[in-house]
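Colleague:
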Amino acid sequence: MEQHHGGSGGFIGVDVGGTHTDVAVLYGGKVERGKALTTYDDFSRGVLEAVTVAAGRFGLSLGELLARTDLFVNGTTVVTNTITELRGCSVGLLVTSGFRDVLRFAGGPRLSVLDDHLQVNVPDLLSRSAIAEVEERVTWDGTVLVPLDEDEVAARLRHLVEEEQVDSLAICLMHSYANETHERRVLQIAREMYPDLFISTSHEVFPVAGETRRFTTTVLNSFVHRDAQVYLDSLGSQLTASGLAGGLMFFQGLGGGISLDRARTNPLALLGSGPAAGAIGANELAKRMGESRVLLGDMGGTSFDTGIIVNNEVKVAKNLDIDLFQTGVNIVDVISVGAGGGSIAAIGERGVPTVGPRSASSTPGPAALGRGGTEPTVTDAMVVLGFIDPARYLDGRVPLYPEKSAAALENVYREPFGWSASEAACAVHDLAVVNMATAVREVSVNRGYDPRDFLFLAYGGTLPMFAGQIARRLGIGRVVMPANSSVFCARGLLAADFVVRRDQAARWDLSQPELVESVNLIIKRLLMESATALSEEGFGEDRVHQRVSADLRFRGQSFELTIDLPDRPLTESDAEDIAKQFHVTYEETYGSGTAWKDVPVTMVSVSVTATGSFPRPAEEPPVAGNGAAGLDGARLGSRLVCLPETRETVEIPIYLASRLDPGMSVEGPTIIDAGDTTIYVPVDCELTLDQHGNFVMEVS
Numbered sequence: 003m004e005q006h007h008g009g010s011g012g013f014i015g016v017d018v019g020g021t022h023t024d025v026a027v028l029y030g031g032k033v034e035r036g037k038a039l040t041t042y043d044d045f046s047r048g049v050l051e052a053v054t055v056a057a058g059r060f061g062l063s064l065g066e067l068l069a070r071t072d073l074f075v076n077g078t079t080v081v082t083n084t085i086t087e088l089r090g091c092s093v094g095l096l097v098t099s100g101f102r103d104v105l106r107f108a109g110g111p112r113l114s115v116l117d118d119h120l121q122v123n124v125p126d127l128l129s130r131s132a133i134a135e136v137e138e139r140v141t142w143d144g145t146v147l148v149p150l151d152e153d154e155v156a157a158r159l160r161h162l163v164e165e166e167q168v169d170s171l172a173i174c175l176m177h178s179y180a181n182e183t184h185e186r187r188v189l190q191i192a193r194e195m196y197p198d199l200f201i202s203t204s205h206e207v208f209p210v211a212g213e214t215r216r217f218t219t220t221v222l223n224s225f226v227h228r229d230a231q232v233y234l235d236s237l238g239s240q241l242t243a244s245g246l247a248g249g250l251m252f253f254q255g256l257g258g259g260i261s262l263d264r265a266r267t268n269p270l271a272l273l274g275s276g277p278a279a280g281a282i283g284a285n286e287l288a289k290r291m292g293e294s295r296v297l298l299g300d301m302g303g304t305s306f307d308t309g310i311i312v313n314n315e316v317k318v319a320k321n322l323d324i325d326l327f328q329t330g331v332n333i334v335d336v337i338s339v340g341a342g343g344g345s346i347a348a349i350g351e352r353g354v355p356t357v358g359p360r361s362a363s364s365t366p367g368p369a370a371l372g373r374g375g376t377e378p379t380v381t382d383a384m385v386v387l388g389f390i391d392p393a394r395y396l397d398g399r400v401p402l403y404p405e406k407s408a409a410a411l412e413n414v415y416r417e418p419f420g421w422s423a424s425e426a427a428c429a430v431h432d433l434a435v436v437n438m439a440t441a442v443r444e445v446s447v448n449r450g451y452d453p454r455d456f457l458f459l460a461y462g463g464t465l466p467m468f469a470g471q472i473a474r475r476l477g478i479g480r481v482v483m484p485a486n487s488s489v490f491c492a493r494g495l496l497a498a499d500f501v502v503r504r505d506q507a508a509r510w511d512l513s514q515p516e517l518v519e520s521v522n523l524i525i526k527r528l529l530m531e532s533a534t535a536l537s538e539e540g541f542g543e544d545r546v547h548q549r550v551s552a553d554l555r556f557r558g559q560s561f562e563l564t565i566d567l568p569d570r571p572l573t574e575s576d577a578e579d580i581a582k583q584f585h586v587t588y589e590e591t592y593g594s595g596t597a598w599k600d601v602p603v604t605m606v607s608v609s610v611t612a613t614g615s616f617p618r619p620a621e622e623p624p625v626a627g628n629g630a631a632g633l634d635g636a637r638l639g640s641r642l643v644c645l646p647e648t649r650e651t652v653e654i655p656i657y658l659a660s661r662l663d664p665g666m667s668v669e670g671p672t673i674i675d676a677g678d679t680t681i682y683v684p685v686d687c688e689l690t691l692d693q694h695g696n697f698v699m700e701v702s
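Quick note: the sequence shown uses the working numbering, first residue 3, plus one each step.
Printed below as a string of structure tokens:
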């Protein structure tokens with residue numbers, strides 16, 4: 003990615019979500035936001051609409067803002083959608099003879115320990131006829147046992163492309179992580195025969211031992227490439243045509259940016275980019291506030307994402323299970339549940355009310371939008387309760403129809419339960435709160451942390467309506483809703499650095515310290531590769547930081563833990579120190595006394611994560627509102643709201659966020675209207691606007 007610094011310092015972050023496309027722009031020291039409905043027929047159209055809204059807040063046209071932009075960073079849900087909906091392109095798979103059924107034998111996560119009938123088989127990403135075997139064999143240590151039969155390779159390729167008519171190819175040969183020579187030769191032959199065919203190789207995508215995860219990850223990379231390619235090409239061409247002067251970078255679920263070219267060859271890296279950007283932004287905000295222990299929550303239109311930050315470290319989840327697929331994907335450790343504004347409220351198989359995981363998305367969207375949606379959503383419930391002003395949704399640009407929300411709720415819940423629209427809306431609200439609180443418990447209590455010891459950072463266009471109730475349910479005393487909350491994930495993209503990660507299998511039994519040099523050679527190569535990759539993207543040595551880590555386990559185990567390695571070549575004496583560190587990490591993770599005694603520790607793989615940082619323009623403090631008029635000047639009026647916690651309908655004050663000054667406080671129950679998000683202050687809670695434009699809620 004070529005770096006551009008010839009503009010006027012503008013940075014644009016765009017997060018394409020399941021319901022809304024969010025934009026945050028840093029230009030001239032100010033941060034402004036834009037928001038539009040996600041356009042599934044052409045995602046780039048929604049992106050340009052949202053950027054146009056943000057440009058207007060600066061008094062600029064779309065072209066004028068793009069011409070002043072140095073860097074455009076994009077996070078997208080396209081890859082996530084492709085896997086979730088299983089609508090990827092057809093993939094052909096080349097494997098070592100005898101290993102045709104690795105994917106069919108692949109296990110999935112246990113969905114229920116007690117109920118076997120709930121277990122679901124892993125879906126097929128490709129048909130068995132699209133899997134071809136070739137004669138070759140490499141052993142675990144890289145020794146060539148059986149030479150590659152190149153004539154057979156050519157014949158198998160012709161079968162896959164011309165008879166099976168696959169759109170892409172995955173090459174997964176045995177132990178290619180130890181010796182990639184055969185995979186490289188197969189790739190070369192395939193390129194010569196079919197130069198336009200998209201090809202993924204396991205030694206490039208995930209060069210780590212473990213056939214199931216290595217094969218699955220490689221196939222998924224090819225599976226998602228068509229949708230990703232259409233999106234990348236469309237957005238790139240539309241931005242160029244609209245006048246983008248600076249660089250274009252895409253955000254990885256790993257928590258950093260990659261170039262357009264790299265996103266084309268490794269589209270799976272884009273998985274989970276939106277939630278990852280939110281976590282990065284949350285950590286940056288926590289540092290500025292002097293907070294080191296943060297629970298984060300992001301409720302948008304489709305889902306609720308939550309995670310935990312301890313000691314200002316954003317954890318990366320390794321070897322992610324994507325739905326039922328066991329993969330080698332590494333992304334920021336955030337979990338998701340179906341509790342977004344567009345999550346559909348229904349009656350489950352057991353005859354009880356449910357919320358999610360199905361979503362109305364932006365098409366047709368909640369019933370309130372009047373675009374053909376008939377199933378009630380969380381947004382419809384909040385419209386009926388009075389929390390959302392139908393005349394001011396998305397700054398008044400999108401009208402809402404409360405009568406359609408009420409009809410949708412009554413249509414589902416009146417006959418089986420006798421509920422009115424408001425009673426049904428209260429039940430939907432409570433279910434959403436319980437689902438989200440349970441998810442927060444999973445990342446805190448279930449991991450040994452007390453949520454009462456953490457700050458709850460709540461963002462997204464929908465969560466500020468629920469944050470106080472979630473905090474009260476978990477005993478959390480303080481909630482922060484950041485400035486530009488509704489586009490906070492896009493805001494997090496403004497803090498994005500360029501990230502290159504290299505993984506490689508590295509076997510080292512730490513009881514044999516004399517074998518350390520084999521690991522040093524691997525680490526040295528990975529450091530050189532990552533440094534070269536950043537250099538090619540225009541980063542000087544002064545802007546590059548490299549971090550080395552390793553996956554280790556006790557001999558006989560089938561799972562690993564990650565620890566950092568010293569920033570220097572390893573020595574034989576490091577073997578004992580690394581083993582001790584692993585014991586400490588193991589007991590921190592699983593509890594005191596869980597480490598295996600007198601069992602050697604084995605290194606399985608090493609990783610190098612290299613970060614290239616961008617020079618960024620300074621951000622000025624937010625401009626105050628018209629505080630000279632006090633709270634009365636910020637008051638927009640009042641309206642009747644049915645409070646879920648009491649089931650009472652009361653008239654409560656409404657304040658306009660843009661008219662509040664730092665230091666101003668309001669007591670609940672009240673509502674703050676921020677244009678594209680609504681903040682609800684529950685009974686016995688107090689909300690204060692701090693000096694940085696963040697809303698801080700004290701929860702009794």
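Glycine residues also receive a C-beta, built at the ideal position from the N, C-alpha and C atoms. Note that this is a predicted model, so its numbers are computed, not measured.
Can you tell me whether LYS289 is helix, strand or coil according to DSSP?
Modeller: In this structure, LYS289 counts as helix in the three-state DSSP scheme.
Colleague: Start and end of the alpha helix (DSSP H) containing TYR29?
Modeller: Here TYR29 belongs to no alpha helix (DSSP H); instead the beta strand (DSSP E) covers 22-29.
Colleague: Could you pull the start and end residues of the alpha helix (DSSP H) that ARG266 belongs to?
Modeller: Here the alpha helix (DSSP H) through ARG266 covers 262-267.
Colleague: According to DSSP, which residues form a beta bridge with LYS320?
Modeller: Answer is none; LYS320 lacks a bridge partner.
Colleague: Our contact map puts GLY358 next to ASN437 with C-beta atoms below 8 Å; I'd like the distance itself, whole angstroms only.
Modeller: Right, their Cβ atoms sit about 7 Å apart.
Colleague: Taking all protein chains shown into account, do 16 or more other C-beta atoms lie within 10 angstroms of the C-beta of GLU4, making it buried, or fewer, making it exposed?
Modeller: No answer about GLU4 holds up, because its pLDDT of 48 lies below 50 and its placement is not dependable.
Colleague: On a Cα-Cα basis, can you pick out the residue from GLN693, VAL698, ALA676 that is closest to ARG35?
Modeller: Here the closest residue by C-alpha is ALA676.
Colleague: How would you write the range of the beta strand (DSSP E) that HIS205 sits in, first residue to last?
Modeller: Note, HIS205: premise wrong, no beta strand (DSSP E); alpha helix (DSSP H) at 204-207.
Colleague: Taking just the CA atoms, how far does GLN240 sit from ALA288?
Modeller: If I take the Cα positions, the gap works out to 35 Å.
Colleague: Grab the span of the alpha helix (DSSP H) containing TYR657 for me, first residue to last.
Modeller: No alpha helix (DSSP H) holds TYR657; the beta strand (DSSP E) holding it covers 650-658.
Colleague: On the criterion of 16 or more Cβ atoms from any shown chain inside 10 Å, does SER261 qualify as buried, or is it exposed?
Modeller: Looking at its Cβ environment, which holds 16 or more other Cβ atoms inside 10 Å, SER261 is buried.
Colleague: For GLU700, write down the residues that DSSP places opposite it in a beta bridge.
Modeller: ARG480, GLU688, per the DSSP bridge assignment.
Colleague: Check for me: the beta strand (DSSP E) holding GLN506 runs from which residue to which?
Modeller: Looking at the DSSP string, the run of the beta strand (DSSP E) that includes GLN506 is 500-511.
Colleague: Ordered along the chain, which non-local residues of its own chain (more than five positions away) have a Cβ less than 7 Å from that of THR141?
Modeller: Only LEU147, HIS177 meet the Cβ criterion.
Colleague: Taking the runs of the alpha helix (DSSP H) that are 4 residues or longer, which of them lie wholly in the stretch 551-638?
Modeller: The stretch 551-638 contains these whole alpha helix (DSSP H) runs: 576-592, 632-636.
Colleague: Tell me which same chain residues have a C-beta within less than 6 Å of the C-beta of LEU105, skipping the five on either side of it?
Modeller: Counting only Cβ-Cβ distances below 6 Å, and skipping sequence neighbours, we find PHE217.
Colleague: Given a cut-off of 8 Å, decide if ARG215 and THR329 are closer than it, judged by their beta-carbon atoms.
Modeller: Closer than 8 Å, so yes.
Colleague: If you measure between the beta carbons of ALA38 and ALA492, is that distance less than 8 Å?
Modeller: Cβ atoms of ALA38 and ALA492: not closer than 8 Å.
Colleague: Roughly how far, in whole angstroms, is the beta-carbon of LEU297 from the beta-carbon of VAL442, given that I think they are within contact range, below 8 Å?
Modeller: Going by Cβ atoms, the distance from LEU297 to VAL442 rounds to 6 Å, so yes, they are a contact pair.
Colleague: According to DSSP, is ALA279 helix, strand or coil?
Modeller: Three-state DSSP puts ALA279 in a helix.
Colleague: Pick out whichever of GLY367, ALA439, LYS406 has its Cα sitting closest to the Cα of PHE306.
Modeller: Here the closest residue by C-alpha is ALA439.
Colleague: Taking the alpha-carbon positions, what's the SER667 to GLU700 distance?
Modeller: Each residue's alpha carbon lies about 11 Å from the other.
Colleague: Going by other Cβ atoms of all chains shown within 10 Å of its Cβ, with 16 needed for buried, is LEU1 buried or exposed?
Modeller: This structure does not reach residue 1, given that the chain is present from 3 up to 702, and the question cannot be answered.
Colleague: Quick check: the stretch 53-62 against the stretch 78-96, are there 3 or more CB pairs under 8 Å?
Modeller: These segments do not touch.
Colleague: To the nearest angstrom, how far is it from the Cα of PRO277 to the Cα of ALA192?
Modeller: About 36 Å.
Colleague: Hey, GLU166 and LEU175 are a contact pair by Cβ (cut 8 Å); roughly how many whole angstroms apart?
Modeller: With 8 Å as the limit, GLU166 and LEU175 do not qualify as a contact, their Cβ atoms being about 19 Å apart.
Colleague: Under a three-way DSSP split, which group does PHE45 fall into?
Modeller: Correct three-state label for PHE45: helix.
Colleague: Near ARG649, what residues of its chain come up, given a Cβ to Cβ distance below 7 Å and the 5 sequence neighbours on each side ignored?
Modeller: Same-chain partners within the cutoff: CYS428.
Colleague: Is the beta carbon of ARG509 less than 8 Å from the beta carbon of GLY479?
Modeller: Against a cut-off of 8 Å, the Cβ pair of GLY479 and ARG509 comes out as no contact.
Colleague: Quick one: residues in its chain with C-beta nearer than 6 Å to the C-beta of LEU159, no 5 flanking neighbours on either side, listed in chain order?
Modeller: Here the set comprises ALA192, MET195.
Colleague: Which class does ASN76 belong to by DSSP, given the choice of helix, strand or coil?
Modeller: ASN76 falls in the strand class under three-state DSSP.
Colleague: Would you call the stretch 322-338 and the stretch 402-409 in contact, with 3 or more CB pairs under 8 Å?
Modeller: Short answer: they don't touch.
Colleague: Between the stretch 359-378 and the stretch 655-664, can you find at least three pairs of beta-carbon atoms closer than 8 Å?
Modeller: Too few Cβ pairs lie closer than 8 Å, so no.
Colleague: Under a three-way DSSP split, which group does GLN328 fall into?
Modeller: Strand, per DSSP.
Colleague: Just confirm the distance between the C-beta atoms of VAL501 and VAL608, as a whole number of angstroms; I'd bet it's less than 8 Å.
Modeller: Contact doesn't hold; Cβ gap of about 17 Å is too wide.
Colleague: Is PHE217 helix, strand or coil when you go by DSSP?
Modeller: Looking at PHE217 - three-state DSSP - the assignment turns out to be helix.
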